Each structure stands twice: as C-alpha cells, then as structure tokens.
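Protein chains in written order, with the working numbering: chain V, 1 to 345; chain W, 1001 to 1383.
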Amino acid sequence: MLRTFKALVYLLTSIALLVSFETSAFAKKSKTLKKTQKMGFVRCGVSQGLPGFSNADASGNWTGVDVDLCRAVAAATLGDSGKVKFFPLSAKERFTALTSGEIDVLSRNTTWTLSRDADIGLTFVGVNFYDGQGFMVRKSSGITSVNQFKAGVSACTNLGTTTELNMRDFFNSKGIKYEPVTFEKADEVVAAYDAGRCDTYTTDKSGLAAQRIKLSKPGDHIVLPETISKEPLGPVVRQGDAVWEDIVRWSLNVMIEAEEYGITSANADSMKSSENPAVKRLVGAEGELGAAFGLDNDWSLRIIKQVGNYGESYKRNIADTGILPDRGPNQLWTKGGILYVPPAR
Amino acid sequence: MNHRIKSIIPQLLTLLFVVAVIGFFTINAQLNMDERGIDFGYGFLNQESSFDVQFSLIEYDGSHSYAKAYLVGLLNTILVSVLGIIFCTIIGVIVGIARLSPNYLIKNTAAWYVEFFRNVPLLLQIFFWYYAALRALPLPENTEPLFGVTYLTVKGYYIPRFIWENFDILFYSILAAIISIVFVRNYARKLQEEKGQQLPVLLISVGLLLLFPAITFATGMVQLEVALPVLKQLSKTSFIYAEGLSVPPELLALVLALSLYTATFVAECVRAGVQGVSKGQKEAAASVGLTSNQILKLVIMPQALRIIIPPTTNQYLNLTKNSSLAAAIAYPDLVLVFAGTALMQTGRAIEIVSITMLTYLTLSLAISLLMNWYNKKIAIKEK
C-alpha cells in the first residue's frame, strides 16, 4: 500500500517536472538554432522520392534542389553541409511532422498558399521553384489539350495536396464529371496510372516530368501544354521562431543572389578580394551579416562553397538529369525569369 | 472503518492518477498549440470542403461542407464493413462446416484455406488483390461480359443500374410482408404448443415475401427499369462503361481481402461451436425420432450458436476496424477522406483525429451492442 503510494508520488512529481521543463527552459532567442547546434544536425523533412527535388539513391544519399536547401541551412548553422538528417514524409504527414517538432525545416516541394501559411502554425520562407499543375496522358489516346477531356475521365493524384483542390476547380469550370483516385504515396499514383486505372495523372509539372522517368515506357506518355494553377514551391518552418525563419529564408536567398553575382562554389574564395561590395558581403569579407542570426560571418560563404549557388544546384539536379532542362520561370530576373530576391545587406 | 478506508484509498489514488494523466496531456497540447499559433475548434466542419471524392453513397461534391465529407467517409466505411461482415459470415459458415465434413478432400481444402489466409498479414492480402489480381484485369474495351451484362475491368466492375419508380411503395410492401411473417410464426408456435400441429413456416414466409412485392408490380404501382452498362469512348484509346453502376476496384479489393481474411476466423468459431456440442445430444435427439434436419435446427445449432456468437462478435469488430486499411489502396473510407484529405486541407489534426477515433469507437460499440443483444436472446434461459 505504502509502496504504491510512494511510486505514485514519484510519478506525479516527475510529470510536474516535465511540464515545467517543457514550457520554460527553452524560452530564449532562437531555440531551434540552439537545439540544432546541440544535436549537431539539421532535421529536414523531404519527399519520399521525387527525382530532381529530393530523392535518395541506392546507398541512401539524398540529392535534389529541396535537399540542397537543407544542406545550405546545415552549412550556415553547423559549418558542414553533410550534417543533415532527412525525414522522408508523405504529403499527408508533412505539416504534422513540422508543427509537432519532429523536423525543423520542411523542404518538400510544398505549395505556398494563404491557408497553409496563416492557418496551421506554419510559415513559408520563400520560393525555390515556380511550378504549375499539369496533366500527363498516354500518347496513344490522341489527347493533346486539356479541352479534349470528356465526362467520366478518371484522374490519379496524391492525397492531401493542392493538386486535389485545383483538379476540382479545373474540371468544375469545364463542367466535366470526373473520378478522382487519390493515393498517399507518389509511387502508388504512378503505378495506378501505368496500369490503366486512370486516364490521366495530374500533379505539378515538375513532378510529372520527374515521375515520367519511373513509368514502364516513358516515351508513351506526354505532359499536356496547359498549366492550370500557380504552384510556388518553397521551404516551410514552424511559426514562432522568427530567427530560425530568417536563417532558412536567407540561406535560400544567398544561393539565388550568389548566382546573380556570378559567385560559384569554385570561385567563392577568390571573390573575397572582389571590387563589388555586394559580392564581398556575400562571401563574408565585408559587413556583419551573420551576427543578426547569431551566426559567424562566414555562414554565407560556407553555403556557396559547400552547396553552390542556385544555378549550380538547378543544373546538377534538374537540368543535367534531363527532368526539365529549360529553366523557364526559374531563371534569374536579369535573364528573363522571375527569380528575384531582396538584397543581402 | 479501517476496512472501508483501505478499500477507498486505492480507488481514490487511481482516480487521481487518471485525472492527472488526462490533465497533463490536455495542458501540454494546449500550451504547445498556443505557442505554435494553432487554434482549436470544430468550426471548420461548416466550411466548404472544396475537394471531390471518387465514390460516394450520398450526393456530394466539393461545394458541400467538411461535415458532409465526413458523412461520405463514414458511409463508405459502413458499406465496406457491412459487405465484409455478410461475406465473411457466409464463407466462414461454409468453410467451418466443411472442416467437419467426413469427405477427405473437402475437409483438407477447407483446412488449407484457413491456414493460408489467416497467416498472411491482412495489408499484404489487400495489396495482393489490388495491385496483383485486379490490376491484371483487361481495359474496358477488351472486356468480355460476365453474366451477360456486367463487365469486370481494371477501372472497376460495371453492373446494370436499377431505376425504380415509387421505390417507397415496394419498401412498404416488403415491410408489410415481414410483419405478417412474424404473425404467422407466432401463430404456428401457438398451434404447435396447443395442438401439436406443424405449419410449413418457411414456405409460407418465402411465399409472403414474394407475394406482397409481386402485387405492387402487377398493379403497376412500382416500376423498374434497368440501365445496362454501355461502352463509351473518352478518347482514341480510353473507354469506360457509362449508364450503369460502377463499383470501384478499390472497393472490390477491400471487400475481397477483408472477407476472405476474417472468414478464416469465423470458420474456426463455427467449427469450435459445432464440436462443442456433445455427441450425446445428437444421439439423444436421434433416439426420440427427430430427423437429421430437425436435429441440426432444434438441438445442435441452438447450443452451438451460444459458443459461436461471442468470439464471432470479436471478428466483426476486427473487420470493421481493419477496414481503415482502405487508405492504403485509395478507397475513400473515413480514414482516407476525413483523417486524410480533410485533415491535410484544414491542418486540424487534433480535432479530426479525435472525431475519427470517436466514430470508430461508436461503430464498434454499436456492433457489439447488437451482437450482445443477439447473444442474450439465444443464451440459456433458466426457468
């Protein structure tokens, strides 16, 4: 009797301790940064396999533009772009993983929308890929435009995505009754489309281009020219840690601005002696840019040296792999694209 | 006095502990949600859902509310559970009795079936039916009709659709038939008890059940039209069957997997029940001159059912809960529609998961209430 009582008292005290610990101990400036530095790695949520964005090879090495963003954050905060732990997440799991604190950055081809940004405790920090939703069909179907879809068409897509909503808007505006078939994993969608379960596969056009490679006969399928939505994809952080938010945002911006000024992983060190003050600031030879985040002054130099600028990352992951050789809107504003970031000064 | 305190204190402590644990989780969730700027509330249920669902038993599209989407998911879950329960009972009873057959081939086939299907994980079986068996079906344009008017294709099972006129009158006529059957049965029992006469109750029941609806058809009050599936071209190489009713392959795979898996357990319950009735009962019944049909109906089954029902209830509950594996193969059940898409679009994890859990709890309790009522009905009544 007395022993049970004692055990209970212990339990209650430890519960009380746990509560006070959870709520007060970390109420400092950027607790995410502190925690990350203490753990020694950045916890980064990525997709379960989307070539060009986040994809693991046979030996478990992750590559892609979304992966590079996380590597940039690791280079900035920990000094080593390799210190990232990747969490492959389905579309359904991704936000819960972030809000519950399982990961600290979500870099998983995620569309920035008002409701996601405002409603559920998330903050989008920027755009690392401008995309739009499209449709893929079999070449043999003779369909060359979305206007040729007829009532009864079945469309495969991913569960819990903006795609699901856009698809409805699109077919509704055309007055076409359709059958949505939604799977949790992208691989399942591809398999279902490949087996003929669906007449069309719809998702972001970059995704279509990437997934087409996985089909049994990629040449038998085409992506229709129409784009039915805006899909600005970008990294996401939890709401409530403004400093961490800034670190992730500027890790991305630095990569884009480095391309603008022609700084690459190869020439970053020599750029320290550049005439241009903007270039010198980016490689840490002038100003105190890192101090505002609680980082040293070489944080941006490390990003450029270890990960490269945005153009290098795009070329390595998306262009050279044959997914989307044409950069389209994802070109610098100075070269006819819409990549335009605030100045790092 | 001392005794009473001794018995109360542990109860008080347990209560305190439960309250403390619940309190801890509530406060923890509240603090963390506040800190992360997530608000809590069920108001979103009235908002427009703006997503469509592949298969629905009620009128639904994205302009309806999240509450309606919940209902769509719930009905789909109930549909798959009811179909699963019906089929697993039929298969289970047949296989269970087959296992007791004196015929070597029948007995061993049944045994193999049970051992195979109950020892392979259910999720794997669902994947097998969906990805291996049903994916190998032909495209609609290459499909040979099954039973003349139905088509089993990779896009679904297309069957004729019945278009009823005045369906409610037919429904009432069936209801009337059922009520009169109850009266006939009561009368037959009375007749048996008072005069020892026997009425062919089954024959009369079937007759009534056919007669009443037949009258409504004959008088033209109820009319039935059948819409057959017609091949429709969507594009050069893509076809579907329009007009008729389409059963999605996801539903087929799920019902197949759930009923074949659960039937193995039901079969074992049935076998246990029949074997649990002692041999003497059968011999005694035979010695008083009952026919073998009467022995089964009046002596063996009433006793066997008492053994069969409680464990079978468990299997029905398992089947209902296992139906949530639907989410793995895109069948729009409660988990996929509500705890999947709706959760994603609103981001309200705690609200939606709590509603979903409560729903499954309610479903399971309803089934076990029903089965307990039936169990009580057939239990031994001490007189």
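The beta carbon of each residue, even a glycine, is placed where N, CA and C say it ideally should be.
Keep in mind that this is a model prediction, so the values were computed, not measured.
Bridge partner(s) assigned by DSSP for residue i
{"i": "residue 133 of chain V", "result": "V/204"}
{"i": "residue 1240 of chain W", "result": "W/1232"}
{"i": "residue 55 of chain V", "result": "V/63"}
{"i": "residue 86 of chain V", "result": "V/44"}
{"i": "residue 154 of chain V", "result": "V/179"}
{"i": "residue 1223 of chain W", "result": "W/1165"}
{"i": "residue 105 of chain V", "result": "V/44"}
{"i": "residue 223 of chain V", "result": "V/136"}
{"i": "residue 1159 of chain W", "result": "W/1245"}
Straight-line gap, residue i to residue j (C-alpha atoms, nearest Å)
{"i": "residue 1271 of chain W", "j": "residue 1093 of chain W", "result": "8 Å"}
{"i": "residue 1264 of chain W", "j": "residue 1251 of chain W", "result": "20 Å"}
{"i": "residue 1352 of chain W", "j": "residue 1099 of chain W", "result": "45 Å"}
{"i": "residue 209 of chain V", "j": "residue 223 of chain V", "result": "8 Å"}
{"i": "residue 1165 of chain W", "j": "residue 1176 of chain W", "result": "19 Å"}
{"i": "residue 1308 of chain W", "j": "residue 1262 of chain W", "result": "14 Å"}
{"i": "residue 240 of chain V", "j": "residue 121 of chain V", "result": "8 Å"}
{"i": "residue 50 of chain V", "j": "residue 57 of chain V", "result": "11 Å"}
{"i": "residue 45 of chain V", "j": "residue 244 of chain V", "result": "15 Å"}
{"i": "residue 1237 of chain W", "j": "residue 199 of chain V", "result": "9 Å"}
{"i": "residue 1324 of chain W", "j": "residue 89 of chain V", "result": "20 Å"}
{"i": "residue 1291 of chain W", "j": "residue 1279 of chain W", "result": "16 Å"}
{"i": "residue 1322 of chain W", "j": "residue 338 of chain V", "result": "49 Å"}
{"i": "residue 262 of chain V", "j": "residue 178 of chain V", "result": "48 Å"}
{"i": "residue 21 of chain V", "j": "residue 1024 of chain W", "result": "Caution is warranted here: a pLDDT of 46 is assigned to residue 21 of chain V, below 50, making its placement in the model unreliable, and the coordinate value is therefore given only provisionally. When rounded, the distance between both Cα atoms is 13 Å."}
{"i": "residue 1145 of chain W", "j": "residue 1157 of chain W", "result": "10 Å"}
{"i": "residue 37 of chain V", "j": "residue 1059 of chain W", "result": "54 Å"}
{"i": "residue 238 of chain V", "j": "residue 119 of chain V", "result": "12 Å"}
{"i": "residue 334 of chain V", "j": "residue 259 of chain V", "result": "11 Å"}
{"i": "residue 235 of chain V", "j": "residue 1043 of chain W", "result": "29 Å"}
{"i": "residue 143 of chain V", "j": "residue 194 of chain V", "result": "17 Å"}
{"i": "residue 1104 of chain W", "j": "residue 1129 of chain W", "result": "29 Å"}
{"i": "residue 330 of chain V", "j": "residue 344 of chain V", "result": "20 Å"}
{"i": "residue 78 of chain V", "j": "residue 34 of chain V", "result": "11 Å"}
With 16 other Cβ atoms within 10 Å as the buried cut-off, status of residue i
{"i": "residue 1003 of chain W", "result": "exposed"}
{"i": "residue 1357 of chain W", "result": "exposed"}
{"i": "residue 1374 of chain W", "result": "exposed"}
{"i": "residue 216 of chain V", "result": "exposed"}
{"i": "residue 1046 of chain W", "result": "exposed"}
{"i": "residue 1362 of chain W", "result": "exposed"}
{"i": "residue 1229 of chain W", "result": "buried"}
{"i": "residue 320 of chain V", "result": "exposed"}
{"i": "residue 1220 of chain W", "result": "exposed"}
{"i": "residue 1189 of chain W", "result": "exposed"}
{"i": "residue 283 of chain V", "result": "buried"}
{"i": "residue 1226 of chain W", "result": "exposed"}
{"i": "residue 1016 of chain W", "result": "exposed"}
{"i": "residue 1011 of chain W", "result": "exposed"}
{"i": "residue 1022 of chain W", "result": "exposed"}
{"i": "residue 1463 of chain W", "result": "Nothing can be reported for residue 1463 of chain W: it is not among the residues displayed for chain W, which extend from 1001 to 1383."}
{"i": "residue 1326 of chain W", "result": "buried"}
{"i": "residue 326 of chain V", "result": "exposed"}
Distance CB(residue i)-CB(residue j) smaller than 7 Å
{"i": "residue 65 of chain V", "j": "residue 105 of chain V", "result": "no"}
{"i": "residue 1143 of chain W", "j": "residue 1153 of chain W", "result": "yes"}
{"i": "residue 308 of chain V", "j": "residue 297 of chain V", "result": "no"}
{"i": "residue 1051 of chain W", "j": "residue 1341 of chain W", "result": "yes"}
{"i": "residue 161 of chain V", "j": "residue 97 of chain V", "result": "no"}
{"i": "residue 127 of chain V", "j": "residue 135 of chain V", "result": "no"}
{"i": "residue 1159 of chain W", "j": "residue 1244 of chain W", "result": "yes"}
{"i": "residue 166 of chain V", "j": "residue 229 of chain V", "result": "yes"}
{"i": "residue 1266 of chain W", "j": "residue 1315 of chain W", "result": "yes"}
{"i": "residue 257 of chain V", "j": "residue 341 of chain V", "result": "yes"}
{"i": "residue 125 of chain V", "j": "residue 84 of chain V", "result": "no"}
{"i": "residue 1179 of chain W", "j": "residue 1205 of chain W", "result": "no"}
{"i": "residue 1285 of chain W", "j": "residue 1295 of chain W", "result": "yes"}
{"i": "residue 1234 of chain W", "j": "residue 1241 of chain W", "result": "no"}
{"i": "residue 285 of chain V", "j": "residue 272 of chain V", "result": "yes"}
{"i": "residue 154 of chain V", "j": "residue 181 of chain V", "result": "yes"}
Integer-rounded CB distance, given that residue j should sit under 8 Å from residue i
{"i": "residue 1253 of chain W", "j": "residue 1276 of chain W", "result": "About 35 Å; that fails the 8 Å criterion."}
{"i": "residue 1222 of chain W", "j": "residue 1170 of chain W", "result": "5 Å"}
{"i": "residue 346 of chain V", "j": "residue 252 of chain V", "result": "Outside the shown range of chain V (1 to 345) lies residue 346 of chain V, about which nothing can therefore be said."}
Cβ-heavy atom distance, residue i to the ligand NAD, below 6 Å
{"i": "residue 1162 of chain W", "result": "Questions concerning the ligand NAD fall outside what the structure shown contains, since it holds no ligand whatsoever."}
Checklist entry - Along the segment 1061-1086 of chain W, what residues have a CB closer than 7 Å to any CB found in chain C? => result The question asks about chain C, but that chain is absent: this structure's protein chains are V and W.
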